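Since the structure comes first, as structure tokens, the remarks are kept for the end.
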Amino acid sequence: YLTSRNVVIVFSEKPESCEFTKNVKQVAESGTFKDKLVFFYSEPSFPLHNRLKQFAGLENKPSLLIMTPKGLKFISTNSKVEEIETFINHFLSSSLKPHLKSVPRPPNDRNPDHPEIYQVTSNSFENIVLDKSHDVFLDVYADWCGTSVVIAPTILSLARLFEDIYTIKVCKLDCDVNDIDTTYISETDLPTIKMFPAGEAKNKPVLYSGDRTLSSFVEFVHTNAT
Numbered sequence: 001y002l003t004s005r006n007v008v009i010v011f012s013e014k015p016e017s018c019e020f021t022k023n024v025k026q027v028a029e030s031g032t033f034k035d036k037l038v039f040f041y042s043e044p045s046f047p048l049h050n051r052l053k054q055f056a057g058l059e060n061k062p063s064l065l066i067m068t069p070k071g072l073k074f075i076s077t078n079s080k081v082e083e084i085e086t087f088i089n090h091f092l093s094s095s096l097k098p099h100l101k102s103v104p105r106p107p108n109d110r111n112p113d114h115p116e117i118y119q120v121t122s123n124s125f126e127n128i129v130l131d132k133s134h135d136v137f138l139d140v141y142a143d144w145c146g147t148s149v150v151i152a153p154t155i156l157s158l159a160r161l162f163e164d165i166y167t168i169k170v171c172k173l174d175c176d177v178n179d180i181d182t183t184y185i186s187e188t189d190l191p192t193i194k195m196f197p198a199g200e201a202k203n204k205p206v207l208y209s210g211d212r213t214l215s216s217f218v219e220f221v222h223t224n225a226t
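Numbering follows the numbering used here, in which position 133 of the sequence shown is assigned residue number 133; successive positions increment by one, without gaps.
Below, the structure written as structure tokens:
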């Protein structure tokens with residue numbers, strides 16, 4: 001079910017006494033969404049409870065998670081029956097934006113250890129990467145990825161080269177703690193490096209596929225910057 005159907009999971013620390021859980025159960029048992037969604041609930045005694053909460057980026061309060069086969073997540077904390085039904089209907093009509101898990105934005109959006117680099121989060125992606133006034137070089141990485149670790153010093157050198165050029169930003173995004181907007185980054189390989197040109201070309205990022213050397217990165221930036 002978790003891979004082939006749209007799944008609804010209600011999270012509660014005390015489901016037996018939680019009004020939210022009872023209301024979701026009422027919606028599920030009404031049969032209105034019988035052929036469209038599969039309902040589950042999760043509580044602390046379930047082995048995967050905390051991992052699911054971490055995966056979805058949920059806080060410690062009753063929450064409703066809808067997850068699609070493609071991994072898109074939609075979250076609501078509205079607890080009334082009518083609010084739950086409205087939330088589900090909005091999901092089914094494709095009028096909701098997916099929830100993207102995000103860590104807090106660092107001060108000034110800079111990498112704490114290397115302020116030459118802009119540290120992007122899911123919450124700052126639109127403000128930084130999609131800002132049409134800047135050409136953005138983006139490195140999507142994970143600390144467990146060996147190649148990401150190997151090229152990190154090269155990315156830092158690139159950021160230092162362009163540090164004084166206002167129109168170009170060298171950015172990094174840790175995909176381990178931030179969900180990715182697949183509208184702009186559909187690739188699953190790591191690291192994924194893309195150039196988001198300024199202006200109207202912003203919505204057509206260019207995927208990097210060359211050598212992972214400083215000279216090649218510099219050429220990539222110069223070729224695709226506006």
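For every residue, glycine included, the Cβ atom is placed at its ideal position computed from N, Cα and C. Please read these numbers as outputs of a predicted model, since none were measured by experiment.
Ordered list of alpha helix (DSSP H) runs contained in the region 143-173, each at least 4 residues:
If only uninterrupted alpha helix (DSSP H) runs of at least 4 residues are considered, those enclosed by the region 143-173 are 146-161.
Starting from the C-beta of Val177, find all residues in its chain whose C-beta is less than 7 Å away, skip the five residues before and the five after it, and write them out in chain order.
In chain order, Val103 place their CB closer than 7 Å to the CB of Val177, counting only its own chain and leaving out the 5 sequence neighbours on each side.
Compare the Cα-Cα distances from Val150 to each of Phe74, Pro191, Asp181 and report the closest residue.
Of the residues Phe74, Pro191, Asp181, the one whose Cα lies closest to the Cα of Val150 is Pro191.
Please state whether DSSP places Ile75 in a helix, a strand or coil.
Here Ile75 sits in strand by DSSP.
What residue range does the beta strand (DSSP E) around Val120 cover?
Its beta strand (DSSP E) spans residues 118-120.
Tell me, please, whether the CB atom of Thr154 is closer than 7 Å to any CB atom in chain D?
Any reference to chain D falls outside this structure, which holds one protein chain only.
For the putative contact between Ile88 and Leu37, defined by C-beta atoms under 8 Å, what is the C-beta separation to the nearest angstrom?
Indeed they touch by this definition, with Cβ atoms about 7 Å apart.
With 16 other Cβ atoms within 10 Å as the buried cut-off, status of Thr213:
With fewer than 16 other Cβ atoms within 10 Å, it is exposed.
Could you pull out every residue in the same chain whose Cβ sits closer than 8 Å to the Cβ of Glu289, ignoring the five residues on either side in sequence?
Outside the displayed span of the chain (1 to 226) sits residue 289, for which this structure offers no information.
What does DSSP give as the partner residues of Ser42 in its beta bridges?
DSSP output for Ser42 lists Phe11 as bridge partner(s).
For Val218, I'd like the list of residues in its chain whose CB is within less than 8 Å of its CB, leaving aside the five on either flank, ordered along the chain.
Within the same chain, and ignoring the five residues on either side of Val218 in sequence, the residues whose Cβ sits closer than 8 Å to its Cβ are Leu158, Leu161.
To the nearest angstrom, how far is it from the Cα of Asp189 to the Cα of Ala56?
For Asp189 and Ala56, the distance between alpha carbons rounds to 21 Å.
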